[in-house]
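There are 2 protein chains.
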Amino acid sequence: MSLLDHIHTCNRWNPADFEPFVVGGERLGLVRRRFAKALTEGGGDFVRAEDGLHWVTAPADFDARSDAFAAHAADWDRRGLISHRHGERYPVLNAAGEARFLMDRAVAPYFGIRAFGQHLNGYVRRDDGLYLWVGRRSQSRRVAPGKLDHMVAGGLPWGVSLAENLRKECWEEAALPAAIADRARPVGIVAYCRDSDRGLKPDTIYCYDLELPDDISPRCNDDEVESFQLLPATEVMRIVDTSDAFKLNCNLVIIDFLMRHGLIGPEHPDYLALAHGLRSAPAVAQ
Amino acid sequence: MSLLDHIHTCNRWNPADFEPFVVGGERLGLVRRRFAKALTEGGGDFVRAEDGLHWVTAPADFDARSDAFAAHAADWDRRGLISHRHGERYPVLNAAGEARFLMDRAVAPYFGIRAFGQHLNGYVRRDDGLYLWVGRRSQSRRVAPGKLDHMVAGGLPWGVSLAENLRKECWEEAALPAAIADRARPVGIVAYCRDSDRGLKPDTIYCYDLELPDDISPRCNDDEVESFQLLPATEVMRIVDTSDAFKLNCNLVIIDFLMRHGLIGPEHPDYLALAHGLRSAPAVAQ
Numbered sequence: 637m638s639l640l641d642h643i644h645t646c647n648r649w650n651p652a653d654f655e656p657f658v659v660g661g662e663r664l665g666l667v668r669r670r671f672a673k674a675l676t677e678g679g680g681d682f683v684r685a686e687d688g689l690h691w692v693t694a695p696a697d698f699d700a701r702s703d704a705f706a707a708h709a710a711d712w713d714r715r716g717l718i719s720h721r722h723g724e725r726y727p728v729l730n731a732a733g734e735a736r737f738l739m740d741r742a743v744a745p746y747f748g749i750r751a752f753g754q755h756l757n758g759y760v761r762r763d764d765g766l767y768l769w770v771g772r773r774s775q776s777r778r779v780a781p782g783k784l785d786h787m788v789a790g791g792l793p794w795g796v797s798l799a800e801n802l803r804k805e806c807w808e809e810a811a812l813p814a815a816i817a818d819r820a821r822p823v824g825i826v827a828y829c830r831d832s833d834r835g836l837k838p839d840t841i842y843c844y845d846l847e848l849p850d851d852i853s854p855r856c857n858d859d860e861v862e863s864f865q866l867l868p869a870t871e872v873m874r875i876v877d878t879s880d881a882f883k884l885n886c887n888l889v890i891i892d893f894l895m896r897h898g899l900i901g902p903e904h905p906d907y908l909a910l911a912h913g914l915r916s917a918p919a920v921a922q
Numbered sequence: 637m638s639l640l641d642h643i644h645t646c647n648r649w650n651p652a653d654f655e656p657f658v659v660g661g662e663r664l665g666l667v668r669r670r671f672a673k674a675l676t677e678g679g680g681d682f683v684r685a686e687d688g689l690h691w692v693t694a695p696a697d698f699d700a701r702s703d704a705f706a707a708h709a710a711d712w713d714r715r716g717l718i719s720h721r722h723g724e725r726y727p728v729l730n731a732a733g734e735a736r737f738l739m740d741r742a743v744a745p746y747f748g749i750r751a752f753g754q755h756l757n758g759y760v761r762r763d764d765g766l767y768l769w770v771g772r773r774s775q776s777r778r779v780a781p782g783k784l785d786h787m788v789a790g791g792l793p794w795g796v797s798l799a800e801n802l803r804k805e806c807w808e809e810a811a812l813p814a815a816i817a818d819r820a821r822p823v824g825i826v827a828y829c830r831d832s833d834r835g836l837k838p839d840t841i842y843c844y845d846l847e848l849p850d851d852i853s854p855r856c857n858d859d860e861v862e863s864f865q866l867l868p869a870t871e872v873m874r875i876v877d878t879s880d881a882f883k884l885n886c887n888l889v890i891i892d893f894l895m896r897h898g899l900i901g902p903e904h905p906d907y908l909a910l911a912h913g914l915r916s917a918p919a920v921a922q
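For the record, the sequence lines run as chains L and R.
All residue numbers for the first sequence refer to the working numbering, where the first residue is 637 and numbers rise by one.
All residue numbers for the second sequence refer to the working numbering, where the first residue is 637 and numbers rise by one.
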């Protein structure tokens, strides 16, 4: 395990395993060939062609298309073709970044839909260096139970602004009021694309830094986080460098934090590979 | 002119105009086809084949190869095939990052050799926000005379460490002593590849932030810089966004600075394109 290993883990996928997902003549995603085959066995709504899987009966209207897709997803869920539905909806973007319809967050990977999220590095500056607030995910969570996590992190659902969502997540996950959340500074992005159990996950994460004074601490406010601890940034680096204790994508956002703050410097043998790897090129589809 | 325009300007090149530069079976660069043709008219040392321009008489030994190349460069300079020689030497790296020989800094673009440099954002934190120290290049400089520039910036010659070179440049360009230079914090890289008059320039710039107290100012120490001024970061952003007053690559390093410090945020319509564009993928050769 090394810093670079985490970047490789988050960017592992084989283009040959996937085919384009085409709706209304636009390539909107990438579907695993095996899943595309399963979908087309059900009937005539989805058809495979040379250039990919076509949803041939997709309504042209945004809302009608979103509703029709949700009905299909419910059917796939009943038939066990997908693992579950989440309830939160993500926009399906075309190559120009325009939303074409909405898709359940848990279904998006089956169609290789890019998801957007926000991760917040909560840190404290002390005389002996930087400290990072680290959360531990509840054992009851479906994704990465018990793993270490950012102080605040979440997906970006449809129709909520970045600022609004960050405030909401800061309150729900760390009991930090809006006045504190609004001090968070956007500091760039991390992007990757990975083959997961459910399909392809091309993710873009908006990264934020939030410097906290010594007298303000995050506090568990829902059942998603089990506990918080404040660790020296050098100790967090050691954990990332030598283990998979953190949820997969947190490793990348932390590496970005450590590079921006000079804790990983150009003397690191993988410095250039890390810097390029944190913002891997968009996947084929988008 | 927009922020994104600067990134496009620094990444403009047409792969069809170039062919690989091959030495000892290794692809080490990219040569403009026209220049490759001119080189092969002189004799038998350089030969064009299907897979690129081969330096067929290159010695295997590192020093001997560097010397032999320098002799060729002197000849091309006399014959007016190249614009000039600089005197400082850059390493020519193979795909694995191993140095294969040394090449004059001014000749490197003719062979599409990746150059490495360092840019330092000198900034001051005041109650009303961040200020950036901006230099103006002398009218007498060969490259970008009279353009705005970073407080400190320079190429990375062979055999000098990053820390050593930064100290040297801080002293030469801004009269800042080593004790101040050593406070500079590495904050990542910017990478681009551009077609220039002389050939292809794939550049990787190591970026640094140096926070200065209000009572320490840079001071012109050689004839490379004409003057320094301290500008609000928002004013620097306006200049970059609306003009080409800065030397080309400075625009990219400043955009990176503004993104890391939250002055360009995700509400900017080009945020994702900017973030990806600052670290464009390595050129074909390397």
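Ideal Cβ positions, reconstructed from N, Cα and C, are used throughout, including at glycine.
Item, Value
"Interface positions of the region 906-917 of chain R facing chain L (Cβ-Cβ less than 7 Å), listed along the chain", "L908, A911, H912, R915, A917"
"Three-way DSSP call (helix, strand, coil) for R:V823 in this model", "strand"
"Spatial distance of R:L689 from R:A652 (CA atoms)", "14 Å"
"Neighbour-count burial assignment, L:F654, 16 or more Cβ in a 10 Å radius", "buried"
"Exposure of L:Q754, with buried meaning 16 or more beta-carbon neighbours within 10 Å", "buried"
"Chain R within 8 Å of L:G791, Cβ atoms only", "no"
"Selection from R:F864, R:Y842, R:E809 that minimises the alpha carbon distance to R:F752", "R:Y842"
"Range covered by the alpha helix (DSSP H) that runs through L:N887", "884-896"
"L:P793 and L:E860 closer than 8 Å at C-beta", "no"
"Amino acids of chain R, ordered along the chain, whose beta-carbon sits closer than 9 Å to that of L:L798", "G901, P902, E903"
"Given R:D713 as reference, the closest of R:Y746, R:R701, R:H644 once Cα atoms are compared", "R:Y746"
"C-beta atoms of L:W691 and L:V659 nearer than 8 Å", "yes"
"Distance between beta carbons of R:N757 and R:V889, contact taken as under 8 Å", "7 Å"
"Neighbourhood of L:G680 by C-beta, 8 Å cutoff - its chain only, sequence neighbours within 5 removed", "V692, T693"
"Extent of the continuous alpha helix (DSSP H) run through L:F749", "Note that residue 749 of chain L corresponds to Ile in the displayed sequence, not to Phe. Taken as a continuous stretch (DSSP letters only), L:I749 belongs to no alpha helix (DSSP H), as it is neither H nor E."
"Residues that L:T840 contacts on chain R, provided the C-beta gap is smaller than 8 Å", "L908"
"Where R:T840 sits in the DSSP three-state scheme", "strand"
"Candidates L:R874, L:D818, L:K837, L:E686, of which the one nearest L:Y726 by Cα", "L:K837"
"Neighbour list for R:M895 in chain L, Cβ cutoff strictly below 8 Å", "P822, V823, G824"
"DSSP three-state assignment for L:E860, whether helix, strand or coil", "coil"
"Cβ-based burial, R:K673 [other Cβ within 10 Å; buried from 16]", "exposed"
"Boundaries (first-last residue) of the alpha helix (DSSP H) holding R:D703", "698-714"
"Within chain C, partners of L:G898 - CB distance below 7 Å", "Included in the structure are the protein chains L and R, with no chain C among them."
"Ranges of the alpha helix (DSSP H) found wholly within the region 766-836 of chain R, counting only runs of at least 4", "798-810, 814-817"
"Assigned secondary structure, R:D850 (DSSP; H/G/I helix, E/B strand, else coil)", "coil"
"C-beta contact flag for R:R803 and R:D785 at 8 Å", "no"
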